[in-house]
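See structure below.
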Amino acid sequence: MEANKIITLTTDFGLVDPYVSEMKAVILSISPNARIVDITHNISKFNIRMGAFILASALTYFPKGTIHVAVVDPGVGSHRRPLLIETNKGFLIGPDNGLLILAAEKQGIKRVHELTNKKLMLNRVSNTFHGRDIFAPAAAYLLNGVAPLTFGPQTNELNKPVFTKVIKTRKSLFGQVMHVDDFGNIITNIDLDTSYQDLYGKMLKINMSSSKLILKFCKTYSEVQLGELLVTIGSHGFLEISANQNNAGKMLNIQSGDKITVTIPSQTII
Amino acid sequence: MEANKIITLTTDFGLVDPYVSEMKAVILSISPNARIVDITHNISKFNIRMGAFILASALTYFPKGTIHVAVVDPGVGSHRRPLLIETNKGFLIGPDNGLLILAAEKQGIKRVHELTNKKLMLNRVSNTFHGRDIFAPAAAYLLNGVAPLTFGPQTNELNKPVFTKVIKTRKSLFGQVMHVDDFGNIITNIDLDTSYQDLYGKMLKINMSSSKLILKFCKTYSEVQLGELLVTIGSHGFLEISANQNNAGKMLNIQSGDKITVTIPSQTII
Amino acid sequence: MEANKIITLTTDFGLVDPYVSEMKAVILSISPNARIVDITHNISKFNIRMGAFILASALTYFPKGTIHVAVVDPGVGSHRRPLLIETNKGFLIGPDNGLLILAAEKQGIKRVHELTNKKLMLNRVSNTFHGRDIFAPAAAYLLNGVAPLTFGPQTNELNKPVFTKVIKTRKSLFGQVMHVDDFGNIITNIDLDTSYQDLYGKMLKINMSSSKLILKFCKTYSEVQLGELLVTIGSHGFLEISANQNNAGKMLNIQSGDKITVTIPSQTII
Chain U
78 MEANKIITLT TDFGLVDPYV SEMKAVILSI SPNARIVDIT HNISKFNIRM GAFILASALT
138 YFPKGTIHVA VVDPGVGSHR RPLLIETNKG FLIGPDNGLL ILAAEKQGIK RVHELTNKKL
198 MLNRVSNTFH GRDIFAPAAA YLLNGVAPLT FGPQTNELNK PVFTKVIKTR KSLFGQVMHV
258 DDFGNIITNI DLDTSYQDLY GKMLKINMSS SKLILKFCKT YSEVQLGELL VTIGSHGFLE
318 ISANQNNAGK MLNIQSGDKI TVTIPSQTII
Chain R
78 MEANKIITLT TDFGLVDPYV SEMKAVILSI SPNARIVDIT HNISKFNIRM GAFILASALT
138 YFPKGTIHVA VVDPGVGSHR RPLLIETNKG FLIGPDNGLL ILAAEKQGIK RVHELTNKKL
198 MLNRVSNTFH GRDIFAPAAA YLLNGVAPLT FGPQTNELNK PVFTKVIKTR KSLFGQVMHV
258 DDFGNIITNI DLDTSYQDLY GKMLKINMSS SKLILKFCKT YSEVQLGELL VTIGSHGFLE
318 ISANQNNAGK MLNIQSGDKI TVTIPSQTII
Chain C
78 MEANKIITLT TDFGLVDPYV SEMKAVILSI SPNARIVDIT HNISKFNIRM GAFILASALT
138 YFPKGTIHVA VVDPGVGSHR RPLLIETNKG FLIGPDNGLL ILAAEKQGIK RVHELTNKKL
198 MLNRVSNTFH GRDIFAPAAA YLLNGVAPLT FGPQTNELNK PVFTKVIKTR KSLFGQVMHV
258 DDFGNIITNI DLDTSYQDLY GKMLKINMSS SKLILKFCKT YSEVQLGELL VTIGSHGFLE
318 ISANQNNAGK MLNIQSGDKI TVTIPSQTII
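Residue numbers (our numbering), protein chains in the order written: chain U, 78 to 347; chain R, 78 to 347; chain C, 78 to 347.
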């Protein structure tokens, strides 16, 4: 597969410091026609699960051949390996700490390479900023047509942190809160296909952290009163707890990582 | 009028989540040469007046044929219509909730279309994220040369929320605070043309919220002492209350929406 | 030297208001093929030292001929002059208040011009927003090939605020905190070349603000326990006080501007 001209960036660098711009400067120095798109630079510091989830959410919408660079890298400079993953839809570049794994499995992994070729890094590689010194140049050289094998040897090992498994039965759904977004939408990892649309309008029992709730399963936020909580299928196909023009995450004091159980009314057959 | 290659984005999505990048991914998938410019993604959640004001402020400076997409959309998925507005200077795309109206009237409305053609939307339209599923593809197809009429039928109705009218007499000015910016500048909707430059150096009486102030009408911030309040004509031509290297909004505890009355000294003739 | 197509922006405008997008709109109106890269818009309001430091850090990584626009401009509209500085590697545009000086001296100053030619500004120049009305058009016209001399006369004066000088002896290092980044890394102006790598593993005495510390000089963060403080050479070559997955700036309550003294153990010879 050939790279298109798009390189995306997902980091926990924030938007105050010069770090993001230095990655862009390195990319444009090597590949002046790259189209750089920020996914986000506001991953909570060192929060690999959040980074993994947001990267996997966003990359669905990018065209085939897009190169995704992700840097949430508490182990920078230690023994964790820098990776290039070829998938069936594009390329993922970042540390081997689980950050890339949800995205890689979603697209289907073809080959994994360790980045070892120093000729495809900056001349001086710092111990604390591999985003700029290793990952950014790798993305730019890849865009320029350098073959994945040139970056380093193939590898079969891959760090896979255990995120909570989803369990779906006729009576209940069990999963985990992956992310509370800026609107306060509580996004779980429970993916609901169109067969669950029969539930629209029903009341569902939700157990989550210390909250026990009975909420309406809605198609749109405006089906409940202003400020009220609801359950919906969010824009990425996952079950979400939201509130109509209110912040559900703050109302319920929910954190990323909290477990959730949803009980489906017995008369409903899916 | 033909579209140029620029698409701007104005939303209340914030810069943490993947949502903005998904809109950009959709645009670049359909129109790979689009130039995407962020106006802001930090409109206060659901604040249509703030979004309308900031969009109308920014779009003056973009070249003819620019496509502006704006999404502050508390009614997403309900009966509010998605719109494409052709103006005398460009195109506006977003929900029919007043968000586009200040910008549209500033540029002069030519035609309004309702977006109904499902072939120009994403295959799966979610109920909660029309920015990605309807508005972003519309902008990209428009940039590619698809004619406005292809998107859907013309319409004459347009939701126009009532923002406070400005009243200007020889003795006083009356209006509303539209936005308190990140510097704390209190920006009103009272537009002052160059005829008001005769007032420079005069002391003006300001009534605003619970504050009664007598402030110097200044050309530049540095005409008053460090930290002191002043009145000026801001960079968009509106009357502003500011402070020299201080935050006027916090000093006076002023909110967007507050009313303001300015009394002009009687000996001054405009 | 010729300009490449890249224009960078460094401001204290924040990411809420339309101001940054208005600068981009002006640039793209004049020079539609410009590649605009944000360095940061989150310089603390009016903090010229922070702006100078971040600009000087980032610009190292941009290709030759890049045009850097910086606007932290408390004196806007007063008598401070707008400048264009040609360096040995590119161009710097901004106010004559010290903001450009670290970057300019790092690249080597060739010539300084005052921006006086009103034909290369917006038609209406406001008193409060020279970023949009003077600096953005200057960058765009420069990219289009307009010669520096056309913008205004050469000048030899340049405002140079005094940042603390670095003193390095065999026994100690003395300098100043230039910036506390978003991770809490405390970045000083003490540049340490590779000769200092002999110190790796040693314990160093640090005097900074009210803190007296003895910290390990580490190559990577993970050489100390989670949460613990350390000294390292940061990714820009400066001495930094950091913590392994913790915020050193908050732990020590350190501000930009604080002085720092580092005592090198006597048995170490550099």
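Don't be surprised by glycine CBs; every beta carbon is placed ideally from N, CA and C. Remember, it's a predicted structure, so these values are computed and weren't measured experimentally.
Please confirm whether R:Asn204 has its beta-carbon closer than 9 Å to some beta-carbon of chain U. yes
Is the beta carbon of U:Arg209 closer than 9 Å to that of C:Ser312? yes
Suppose contacts are defined by Cβ-Cβ distances below 9 Å. Is R:Lys338 in contact with R:Leu250 by that definition? Residue 338 of chain R is actually Thr in this sequence, not Lys. In contact: R:Thr338 and R:Leu250 (Cβ atoms closer than 9 Å).
Does C:Ser106 get closer than 9 Å to chain R when you measure Cβ to Cβ? yes
Mind reading off the beta-carbon distance from R:Leu292 to R:Ile283? Whole number of angstroms is fine, and I expect it under 8 Å. 6 Å
Taking DSSP as the reference, what is the three-state secondary structure of R:Ser134? helix
So, for R:Leu197: in the same chain, excluding its five sequence neighbours on each side, which residues have a beta-carbon less than 8 Å away from its beta-carbon? Pro214, Ala215, Tyr218, Val223, Thr227, Phe228
Please confirm whether C:Tyr298 has its beta-carbon closer than 9 Å to some beta-carbon of chain U. yes
Using a C-beta to C-beta distance shorter than 9 Å, which residues of chain C count as neighbours of U:Ser121? Going along chain C, no residue has its Cβ under 9 Å from U:Ser121, so there is no contact; the nearest lies around 11 Å.
Does the separation of the CB atoms of U:Glu99 and C:Ala80 fall below 9 Å? no
Partner residues on chain R for U:Ile83, Cβ-Cβ distance less than 7 Å: Leu105
C:Asp115 and C:Leu161: beta carbons closer than 9 Å? no
For U:Asp94, tell me which candidate among C:Gly314, C:His118, C:Phe168 has the shortest Cα-Cα distance. C:His118
Which residues of chain U have a Cβ atom closer than 9 Å to the Cβ of R:Leu92, listed in chain order? Leu92, Asp115, Thr117, His118, Asn119, Asp259
Terminal residues of the continuous alpha helix (DSSP H) containing C:Gln184? 178 to 184
So for R:Ala224, helix, strand or coil by DSSP? coil
Coil, strand or helix - R:Val93 by DSSP: coil
Identify whether C:Thr309 lies in helix, strand or coil by the three-state DSSP scheme. strand
So for R:Ser249, helix, strand or coil by DSSP? strand
I need the DSSP call for R:Ser288, collapsed to helix, strand or coil. strand
Would you say the stretch 154 to 168 of chain C touches the stretch 99 to 110 of chain C, given that touching needs at least three Cβ pairs under 8 Å? no
Would you decide whether U:Asp275 is buried or exposed? Buried here means 16 or more other CB atoms lie within 10 Å of its CB. exposed
Looking at chain C, is there any beta carbon in it that lies within less than 9 Å of the beta carbon of U:Ser98? yes
At a CB-CB cut-off below 9 Å, which residues of chain A make contact with R:Ser155? Within the model displayed, chain A is absent; protein chains U, R and C are what it includes.
Three-state class that DSSP yields for U:Lys101 in the structure shown: helix
U:Lys336 - containing beta strand (DSSP E), residue span: 336 to 340
What residues of chain C sit near R:Phe139, judged by a beta carbon separation below 8 Å? Ala102, Leu105, Ser106
Unbroken alpha helix (DSSP H) run spanning R:Leu235, endpoints: Run containing R:Leu235: none; DSSP gives neither H nor E here.
Between U:Asn236 and U:Gly175, how many whole angstroms is the CB-CB distance? I'm expecting something under 8 Å. 5 Å
Which partner residues does C:Cys295 have in the DSSP bridge list? C:Thr309
Does U:Gln332 have its Cβ less than 9 Å from a Cβ in chain R? no
Indicate the three-state DSSP secondary structure (helix, strand or coil) for C:Phe168 in the structure shown. strand
Could you tell me if C:Pro238 is buried or exposed, where buried requires 16 or more neighbouring beta carbons within 10 angstroms of its beta carbon? exposed
Simplified DSSP state of U:Asp115, which is helix, strand or coil: strand
Sequence-distant residues of the same chain with beta carbon closer than 8 Å to R:Leu307, five excluded per side: Leu292, Lys293, Phe294, Cys295, Tyr298, Glu300, Val301, Ile318, Ser319, Ala320, Asn321
Rounded to whole angstroms, what's the CA-CA distance from C:Met328 to U:Asp335? Just pull it up for me. 28 Å
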